[in-house]
Amino acid sequence: MTVIEYPRNRSPRAALDKGELMDVILHIGAHRCATTTFQAYMRDNAERLRQSGTVFWGPYRTRNGLFNGIVPNKMPPLRKNLQKRSAGRVQINLDSCAARGAKRLVVSEENMLGSVRQNLRDKALYLGAGERMARYAQAFDGRVTDVMLNIRGLDLYWASALGYGLTRGRGVPDAEALDRIAYGLRTWRDVITDVSCAVPGARLWVLPFESFQGRPDAQLRSVLGCTVPSARSDVRLNATPRLPQLRRSLPRNISRKLPKGSGRWLPFTERQTAALREAYADDLMWLTSGADGTAWLVYDPDKKPVGQTPPTTNRTRGRRNDQDRRMAGAG
3 MTVIEYPRNR SPRAALDKGE LMDVILHIGA HRCATTTFQA YMRDNAERLR QSGTVFWGPY
63 RTRNGLFNGI VPNKMPPLRK NLQKRSAGRV QINLDSCAAR GAKRLVVSEE NMLGSVRQNL
123 RDKALYLGAG ERMARYAQAF DGRVTDVMLN IRGLDLYWAS ALGYGLTRGR GVPDAEALDR
183 IAYGLRTWRD VITDVSCAVP GARLWVLPFE SFQGRPDAQL RSVLGCTVPS ARSDVRLNAT
243 PRLPQLRRSL PRNISRKLPK GSGRWLPFTE RQTAALREAY ADDLMWLTSG ADGTAWLVYD
303 PDKKPVGQTP PTTNRTRGRR NDQDRRMAGA G
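Its first residue numbered 3, the sequence shown is counted upward by one per residue in the working numbering.
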């Protein structure tokens, strides 16, 4: 396996008193990929992480005015130079963090990438990811060294996003909407490419949900490359409600449109599901082959490699090259 050497993009303004530099790591989600669980783990272990040189900024801080104005909204600004003010605010906090001796700063905020609501409106994955991330990279003054992005199988990601929309009054999507989602051309590969172009000096780590769900410690350890506190295995926050919960929480005229059963709500047809799974498989194949040098696919750090004698997965009778040569049975 070839290891990609990513370039560093550090500013001397973030230098510590001892001449060391602080890593700035942005964890940008995506939504519905156990991001809330990761943030809770970081908060619960903030003091232990700080002792080892890792400082955490999460939504409690970023949504309390720190990021206000970085991405303009539709409302007219109340003050001039709002973006410059927001960038200055972020950089002052960065300098303060570095001056206190932090070796690395982990900023986890999935809304940097966009929003689930906008994805549902667009019927596509994070159409504005490139522009948004470029604004955040500018606000961080080129000090971002690493970006962490979680991805998930497209069929389950969209099922979770649509379930999220249901609980917030968006209703059950019709067949046309599901077709636009299932056969859309935009996949995780496009999101990854947009982010890579927006933050060109940073290393982009892609962590599949299937490998890291419920394991925020493994996720953090994979990127930092050092020992981190262990996580509780029973924590699953902000999960999409199952069908019985959805039916109880929705008005009768909407809940009657949901299928029967007690499992996960899967709104797509078999053909639509197959199309989404194929697109995700193509994304993983692209990442495995090097992602054109734009990103690095992170593998499960706890998974043991295959030894000299690989396991046998073939369970059919006879030899693989001799299946058609069996003798007929008696009778």
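All C-beta atoms in this analysis are idealised placements derived from N, C-alpha and C, irrespective of residue type, glycine included.
From which residue to which residue does the alpha helix (DSSP H) around residue i run?
{"i": "residue 92", "result": "84-101"}
{"i": "residue 208", "result": "It is not in any alpha helix (DSSP H) - residue 208 instead sits in the beta strand (DSSP E) that spans 205-210."}
{"i": "residue 225", "result": "218-226"}
{"i": "residue 267", "result": "That residue, residue 267, is in no alpha helix (DSSP H); it is neither H nor E in DSSP."}
{"i": "residue 246", "result": "245-251"}
{"i": "residue 44", "result": "37-46"}
{"i": "residue 257", "result": "254-257"}
{"i": "residue 121", "result": "118-124"}
With 16 as the cutoff for other CB atoms within 10 Å, does residue i come out buried or exposed?
{"i": "residue 234", "result": "exposed"}
{"i": "residue 21", "result": "Per-residue confidence for residue 21 stands at a pLDDT of 42, beneath the threshold of 50, marking its modelled position as unreliable; no derived number is given."}
{"i": "residue 32", "result": "buried"}
{"i": "residue 289", "result": "buried"}
{"i": "residue 9", "result": "Residue placement at residue 9 cannot be trusted, given a pLDDT of 39 that sits under 50; what the coordinates show is reported in the next sentence. Per the 10 Å Cβ criterion, exposed."}
Looking at residue j and residue i, is the spacing between their C-beta atoms short of 9 Å?
{"i": "residue 60", "j": "residue 147", "result": "no"}
{"i": "residue 138", "j": "residue 201", "result": "yes"}
{"i": "residue 35", "j": "residue 154", "result": "yes"}
{"i": "residue 25", "j": "residue 107", "result": "yes"}
{"i": "residue 335", "j": "residue 86", "result": "Summary: the structure shown does not reach residue 335, with the chain confined to residues 3 through 333, and so no result is reported for it."}
{"i": "residue 163", "j": "residue 122", "result": "yes"}
{"i": "residue 150", "j": "residue 68", "result": "no"}
{"i": "residue 259", "j": "residue 174", "result": "yes"}
{"i": "residue 93", "j": "residue 40", "result": "no"}
{"i": "residue 161", "j": "residue 269", "result": "yes"}
{"i": "residue 255", "j": "residue 211", "result": "no"}
{"i": "residue 296", "j": "residue 206", "result": "yes"}
Relative to the C-alpha of residue i, which candidate in the options has its C-alpha closest?
{"i": "residue 43", "options": "300, 231, 243", "result": "231"}
{"i": "residue 213", "options": "118, 117, 305", "result": "305"}
{"i": "residue 190", "options": "131, 174, 170, 242", "result": "131"}
{"i": "residue 184", "options": "159, 205, 167, 166", "result": "159"}
{"i": "residue 181", "options": "157, 72, 64, 194", "result": "157"}
{"i": "residue 64", "options": "193, 145, 265, 96", "result": "96"}
Determine the extent of the beta strand (DSSP E) in which residue i is found, giving its start and end residues.
{"i": "residue 59", "result": "56-59"}
{"i": "residue 27", "result": "25-29"}
{"i": "residue 110", "result": "106-110"}
Does the CB of residue i have a neighbour CB from chain B at under 9 Å?
{"i": "residue 211", "result": "The question asks about chain B, but that chain is absent: this structure has only one protein chain."}
**Asked** What residue ranges within the segment 146-200 form continuous alpha helix (DSSP H) runs of no fewer than 4 residues, ordered along the chain?
**Response** 156-169, 177-184, 190-200
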